[in-house]
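Undergrad:
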Amino acid sequence: MALLLREAIGENLRKTRVRQSRTLRDVSSAAQVSLGYLSEVERGQKEASSELLAAICGALAVDVADVVAQASVSLRPFPTMVIPAPALAVA
1 MALLLREAIG ENLRKTRVRQ SRTLRDVSSA AQVSLGYLSE VERGQKEASS ELLAAICGAL
61 AVDVADVVAQ ASVSLRPFPT MVIPAPALAV A
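The UniProt record's numbering numbers the first residue of the sequence shown as 1 and each following residue consecutively.
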């Protein structure tokens with residue numbers, strides 16, 4: 001099954017939090033979201049609204065755009081390659 005956007009975003013949020021050596025409790029408090037809900041967002045079980053995503057990113061001091069951009073990279077398993085079609089001979 002393909003990776004979902006909410007899963008990719010959640011994974012990126014969790015990696016960011018862990019890289020900062022912060023706990024779920026710390027970030028959930030700073031973002032003013034319940035610990036359980038933040039955990040579900042990080043595990044890709046809940047889709048974060050734009051407001052919630054902004055609050056979590058604010059608590060982590062990262063840009064929403066960066067989190068979404070990284071998630072889009074995660075969704076693409078390999079680079080897309082465009083192969084031009086051969087030119088047709090006109091008689």
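Each residue gets a CB set at the ideal place from its N, CA and C atoms; glycine is no exception.
Given the structure is predicted, the values throughout are model-derived calculations rather than measurements.
1) Run through DSSP, which three-state label would glutamine 45 get?
2) With DSSP as the reference, label serine 39 as helix, strand or coil.
3) Starting from valine 67, trace the alpha helix (DSSP H) in both directions and tell me its first and last residue.
4) Quick one, are the C-beta atoms of arginine 43 and valine 27 less than 8 Å apart?
5) I need the DSSP call for valine 33, collapsed to helix, strand or coil.
TA: With the given structure in hand:
1) DSSP, read as helix, strand or coil, puts glutamine 45 in coil.
2) In the structure shown, serine 39 sits in a helix (DSSP, three-state: H, G or I).
3) Residue range 64 to 75 is occupied by the alpha helix (DSSP H) that includes valine 67.
4) In this structure, valine 27 does not lie closer than 8 Å to arginine 43 by Cβ.
5) Three-state result, valine 33: coil.
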